[in-house]
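Engineer: One structure coming up, written as structure tokens, with questions to follow.
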Amino acid sequence: MFVYHFRYILLTLLLSLSSIAEELKNLSLDNALTIMQENNLELKISNFDEQMRQYEVNVAKGHNYGKLDAKIQALRSNDAGNIFGFKLKSREATFGDFGFSEFDMSGQTNPLPVAPQELNYPDSRNHFQTTITYMLPLYTGGKLEQYGKITKALQRMSQLDSSKVLNEKVYQTTKTFYDISLIDQYINNLSNILSNIDTLQNIVSSMKEEGFAKEIDELEVETRRAEASSMLTQANYNKELAYQYLSFLLNKNVLSIQALDNVASMPTININEFLKNNLDIQKAELGLKITDMAVEAEEANFLPTVGAFGEYVSSDDKAFNDFIDKDFYTVGVQLEWNLYNGNIDKNNLAKAKVQNMKVKEQVELTQKGIGLKIAKLQTEANSKAAEITSLETQFSFASKVYENYQERYKEGITSISDVLIKQSKELEVLLKLLTAKNDRNAKVFELRSILNKGNK
27 MFVYHFRYIL LTLLLSLSSI AEELKNLSLD NALTIMQENN LELKISNFDE QMRQYEVNVA
87 KGHNYGKLDA KIQALRSNDA GNIFGFKLKS REATFGDFGF SEFDMSGQTN PLPVAPQELN
147 YPDSRNHFQT TITYMLPLYT GGKLEQYGKI TKALQRMSQL DSSKVLNEKV YQTTKTFYDI
207 SLIDQYINNL SNILSNIDTL QNIVSSMKEE GFAKEIDELE VETRRAEASS MLTQANYNKE
267 LAYQYLSFLL NKNVLSIQAL DNVASMPTIN INEFLKNNLD IQKAELGLKI TDMAVEAEEA
327 NFLPTVGAFG EYVSSDDKAF NDFIDKDFYT VGVQLEWNLY NGNIDKNNLA KAKVQNMKVK
387 EQVELTQKGI GLKIAKLQTE ANSKAAEITS LETQFSFASK VYENYQERYK EGITSISDVL
447 IKQSKELEVL LKLLTAKNDR NAKVFELRSI LNKGNK
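Plus 26 on top of the position in the sequence shown (first one is 1) and you've got this note's numbering.
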């Protein structure tokens with residue numbers, strides 16, 4: 027058994043490692059989302075929770091079908107009461123067991139004071155008894171029905187939880203794709219800036235040879251190049267980190283992706299569809315239904331419960347001997363009704379009703395709170411969109427200004443410091459532009475998640 031479990035664990039580990047070791051290149055977002063839904067570890071855990079809830083539903087159903095038990099007893103005793111009981115259950119009791127063989131049947135003496143030796147001091151005896159018992163609830167005041175509904179609702183709640191996890195992973199996977207695409211764009215722009223610095227460095231060197239530039243000009247350009255090179259190195263590290271996170275989400279090793287447009291499209295919002303599809307609202311409404319069921323379950327405590335039972339038994343001093351000839355049965359119905367328990371049921375019912383009223387308010391709070399959040403995200407995304415338009419214009423202008431100042435430096439009209447200041451402005455606007463795009467994408471993806479757009 028140990029060897030089997032060890033092999034199973036080893037095989038599972040190897041399969042897991044091979045899954046992670048698989049390398050994905052030129053991966054599209056659609057394929058990534060498909061792989062994520064199949065492989066993401068948090069989704070798998072959430073699916074296990076769903077399965078456990080389904081088993082709880084089956085358990086709740088099972089209580090309606092009663093309980094069938096089989097019990098086999100093997101006993102040995104020399105206790106007088108037990109021995110007589112064993113014989114009765116085995117249908118073997120005789121008048122001799124009462125000591126009649128020791129009585130004076132002539133009537134000359136009184137038999138009543140005689141202590142029967144065979145009755146009081148019997149020989150030890152074996153007793154084998156097989157008992158089959160079936161118990162069935164006939165009426166529980168609706169308690170079993172409500173428990174069944176509650177477990178079914180909780181199973182549905184676990185499905186909504188899985189959908190929320192899926193939504194979150196779709197959000198994270200999609201955002202990571204766009205993040206990598208923006209980082210690529212940033213790296214390309216930085217590479218162009220470095221190329222421009224190299225060109226400027228050559229210009230300064232040529233002008234220094236001709237006596238039109240100073241050594242300090244070269245040092246300023248070298249310093250700026252070192253700064254830009256450091257930023258490029260950091261960007262590559264961030265890109266590597268983003269790929270590691272994407273690999274974690276997909277539970278596979280992702281080497282490259284298909285770049286996306288750097289701005290995500292804004293989803294359309296239909297308020298009726300939103301109220302129907304939003305997972306938090308669905309969970310809140312389902313929670314309200316569960317509290318309704320809980321109130322009915324507590325009300326059932328004030329009603330009687332009725333159950334039926336049947337028992338089939340066979341006994342003998344030998345196992346399964348003359349089973350049918352020595353069998354017997356008992357059937358019956360039992361009603362149980364609690365009349366007073368210190369108002370425990372009354373207080374539990376009051377508590378369930380208060381909980382129900384609380385959840386009603388929470389449903390309304392959830393609807394209004396999420397509606398407010400949607401409006402906030404829309405406003406922030408639109409604000410970022412306007413900012414992006416402005417920064418794109420600023421970036422184009424800053425690039426042209428830098429080129430103009432570079433030409434003016436060649437003509438000796440301006441200093442190298444002025445040129446580098448304009449380049450700094452270009453880089454500053456670039457960083458603001460990419461940050462604005464990233465912030466807008468985050469707002470759009472969060473909005474999609476709230477609207478329960480899934481991977482659409």
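Don't be surprised by glycine CBs; every beta carbon is placed ideally from N, CA and C. Note that this is a predicted model, so its numbers are computed, not measured.
1) Going by alpha carbons, who is nearest to S92 out of N52, A334, I242?
2) Which word fits Y428, buried or exposed, when buried means at least 16 other C-beta atoms lie within 10 angstroms of its C-beta?
3) Using alpha carbons as the reference points, say which of A58, P148, Y263 lies closest to Y212.
4) Check A239 in the structure and name its three-state DSSP category.
5) Can you tell which of Q198, A468, K451, L55 has the C-alpha that lies nearest to the C-alpha of E68?
6) Is it right to say Q143 is buried, meaning 16 or more other beta carbons lie within 10 angstroms of its own, or is it exposed?
7) Would you mind stating whether G168 and A86 have Cβ atoms separated by less than 8 Å?
8) Does A268 come within less than 8 Å of chain E when only Cβ atoms are used?
9) Under the three-state reduction of DSSP, which class applies to N152: helix, strand or coil?
10) Quick check: what's the CA-CA separation for S44 versus V385?
11) Based on the DSSP secondary-structure assignment, which residues constitute the bridge partners of A101?
12) Using three-state DSSP, classify D287 as helix, strand or coil.
13) Of the choices T461, Q284, L473, whose alpha-carbon is the least far from that of I396?
14) Taking the straight line between their C-alpha atoms, what separation do you get for E387 and V380?
15) Suppose you measure from the CA of A468 to the CA of V280; what does that come to, to the nearest Å?
16) Helix, strand or coil for N279, going by three-state DSSP, please let me know.
17) DSSP three-state label for G333, please.
18) Let's see if you can read the secondary structure: which residues bound the alpha helix (DSSP H) around G92?
19) Looking at the secondary structure, which residues open and close the alpha helix (DSSP H) in which D353 lies?
20) Where does L41 fall in DSSP's three states?
21) By how many angstroms is the C-alpha of T200 removed from the C-alpha of L59?
22) Of the choices N304, K278, E118, whose alpha-carbon is the least far from that of V389?
23) Q80 and Q181: beta carbons closer than 8 Å?
24) Around the Cβ of K377, are there at least 16 other Cβ atoms within 10 angstroms (buried) or fewer (exposed)?
25) Report the three-state DSSP secondary structure of M161 (helix, strand or coil).
26) What span of residues does the alpha helix (DSSP H) with G168 cover, start to end?
27) Buried or exposed, going by whether 16 or more other CB atoms sit within 10 Å of the CB of K51?
28) Tell me where the alpha helix (DSSP H) around F74 begins and ends.
29) Would you report the Cα separation of K463 and L477, rounded to the nearest angstrom?
30) Taking only the alpha-carbon atoms, compute the straight-line gap between S409 and L456 and give it to the nearest angstrom.
31) Check each candidate in S256, I98, L145, E82 and name the one with the smallest Cα separation from K483.
32) What's the gap between the Cα of L437 and the Cα of D243?
33) Round the Cβ separation of S72 and S221 to the nearest angstrom and send it over; I've been treating them as touching at under 8 Å.
34) Can the beta-carbon of A268 be found less than 8 Å from the beta-carbon of D205?
35) Do the CB positions of L460 and Q284 come within less than 8 Å of each other?
36) DSSP three-state call for S443: helix, strand or coil?
Structural biologist: Judging by the given coordinates:
1) For the sequence presented, residue 92 should be read as Gly rather than Ser. The shortest C-alpha separation from G92 is found at A334.
2) The residue in question, Y428, is buried, as its Cβ has 16 or more Cβ neighbours within 10 Å.
3) Nearest to Y212 by C-alpha distance, out of A58, P148, Y263, is Y263.
4) Three-state DSSP puts A239 in coil, outside helix and strand.
5) E68 has its Cα closest to that of Q198, out of Q198, A468, K451, L55.
6) Around the beta carbon of Q143, fewer than 16 other beta carbons lie within 10 angstroms, which makes this residue exposed.
7) Contact flag unset, no.
8) No chain E is present in this structure, which holds just one protein chain.
9) It is a strand residue.
10) At S44 the pLDDT is 49, less than 50, meaning the model places this residue with poor confidence and gives no usable figure here.
11) Sequence check: residue 101 is Leu here, not Ala. Per DSSP, the beta bridge partners of L101 are H153.
12) In the structure shown, D287 sits in coil (DSSP, three-state: anything other than H, G, I, E or B).
13) The candidate whose alpha carbon is nearest that of I396 is L473.
14) Each residue's Cα considered, the two are about 11 Å apart.
15) Between A468 and V280, the C-alpha separation is close to 22 Å.
16) N279: strand per DSSP, three-state reduction.
17) Of the three classes helix, strand and coil, the one that applies to G333 here is strand, per DSSP.
18) It is not in any alpha helix (DSSP H) - G92 carries neither H nor E in the DSSP assignment.
19) Element bounds for D353: not the alpha helix (DSSP H) but the beta strand (DSSP E), 353-362.
20) Annotation note: pLDDT 48 at L41 (below 50); position unreliable, coordinate value reported separately. Three-state result, L41: helix.
21) One C-alpha to the other measures close to 8 Å.
22) Nearest C-alpha to V389: N304.
23) A contact, by the Cβ cut-off of 8 Å.
24) K377 should be labelled exposed.
25) M161 sits in a strand when the DSSP states are folded into three classes.
26) Careful: G168 lies outside any alpha helix (DSSP H) and carries neither H nor E.
27) The residue in question, K51, is exposed, as its Cβ has fewer than 16 Cβ neighbours within 10 Å.
28) That run of the alpha helix (DSSP H) goes 67-88.
29) Going from the Cα of K463 to the Cα of L477 covers about 21 Å.
30) The alpha-carbon atoms of S409 and L456 are separated by roughly 18 Å.
31) The requested residue 483 does not occur in the structure, where the chain is confined to residues 27 to 482.
32) Reading off the sequence shown, one finds Glu at residue 437, where the question assumed Leu. A direct Cα-Cα distance of roughly 15 Å separates E437 from D243.
33) Going by Cβ atoms, the distance from S72 to S221 rounds to 48 Å, so no, they are not a contact pair.
34) Contact: yes.
35) It is not a contact, given that the beta carbons lie outside the stated cut-off.
36) In the structure shown, S443 sits in a helix (DSSP, three-state: H, G or I).
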